[in-house]
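Structure first, then comments.
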Amino acid sequence: MNWVEFWDKRGTLQGAAGQVGRLVNGQEMDEVLLKKIAQKIALQLDLKPTDNLLDVCCGNGALSKLLLPYCKEINGIDFSQALMEKAKKDAPPQIHFHCASALDFNLPQQFDKAVLYFSFQYFETYAEGKKVIANMLQHAKPGALLLIGDITDSRKFFRYYNSLSALLRWFKQKINKQNNMGKFWHPNELFKICEELGVKGQLVEQENWQPYAGYRFDFLISK
Ligand SMILES: C[S@@+](CC[C@H](N)C(=O)[O-])C[C@H]1O[C@@H](n2cnc3c(N)ncnc32)[C@H](O)[C@@H]1O
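When the letters of the sequence shown are read in order and numbered with the working numbering, they come out as residues 636 to 858.
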């Protein structure tokens with residue numbers, strides 16, 4: 636799958652939620668739910684008014700903008716030009732968006748907290764997952780907290796592909812390199828990455844109200 640092409644195309648859609656694939660039962664997620672998600676992220680990261688936050692794979696910045704009330708400044712990274720243009724439109728001066736790959740972006744600064752939300756699945760191999768986390772850690776201050784949130788869960792793969800027709804669809808898309816769900820991760824892979832990078836990881840199961848709780852999990856990393 637060519638993900639840059641995929642997200643650039645999505646970025647031309649009308650609705651802000653649809654641009655970043657935030658659908659619930661085929662409908663665009665509403666702002667109330669997105670605000671609740673931002674509040675939960677702020678709690679998980681223990682965001683403080685003095686914190687400088689790094690938001691990797693920030694998409695059109697809709698979530699970054701909702702996280703700003705909880706911190707001082709945000710730097711967002713995304714490799715989709717189309718989504719970056721949307722993000723930069725009407726962005727408050729405390730948010731800086733950078734069009735770059737999560738795998739090798741390079742900012743001259745370290746952050747108090749970092750988040751990569753609803754996007755880890757697009758790193759489709761163990762090596763890529765490790766590389767993006769390593770790069771986030773490079774940009775994190777000692778003692779910083781990282782949240783890799785809304786990770787597709789390989790333990791619950793059959794809850795997502797829950798019928799024979801869904802599995803056949805997945806199989807066909809896989810063969811044709813058109814599967815847009817990316818990789819389903821096992822928490823143990825995240826623990827292994829943390830061990831190899833010398834940091835501490837913590838699995839956090841999602842709460843029932845979270846829209847994708849049925850097949851996703853969160854993971855916290857402390858540097
Ligand atoms: C589902 S959207 C999530 C956006 C936002 N984090 C949210 O929660 O609403 C996934 C985003 O990840 C970005 N992305 C995927 N792989 C990337 C990579 N290697 N480097 C930078 N951005 C990437 C896509 O461009 C897209 O904007």
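Note that beta-carbon positions come from the ideal geometry of N, C-alpha and C, so glycine has one too.
- Nearest C-alpha to L669 among F753, F746, Q649 and T787: F753.
- Taking the C-beta atoms as reference points, L782 is found nearer than 8 Å to D853.
- Counting along the chain, the unbroken beta strand (DSSP E) around Q837 starts and ends at K835 to E840.
- In the three-state DSSP reduction, R657 falls in the coil class, being neither helix nor strand.
- Taking every protein chain shown into account, the CB of S800 has fewer than 16 other CB atoms within 10 angstroms, so this residue is exposed.
- By the neighbour-count definition (other C-beta atoms within 10 Å, threshold 16), Q773 is an exposed residue.
- Taken atom to atom, the span from the alpha-carbon of F806 to that of N843 is near 29 Å.
- The residue from G696, K671, V639 and V691 with its alpha-carbon nearest to that of A651 is G696.
- A distance criterion of 7 Å places the beta-carbon of F732 beyond contact range of ligand 1, judged by its closest non-hydrogen atom.
- Take C734, set aside five residues on each side of it, and the residues of its chain with a beta-carbon closer than 7 Å to its own are D713, F714, Q716 and M719, in chain order.
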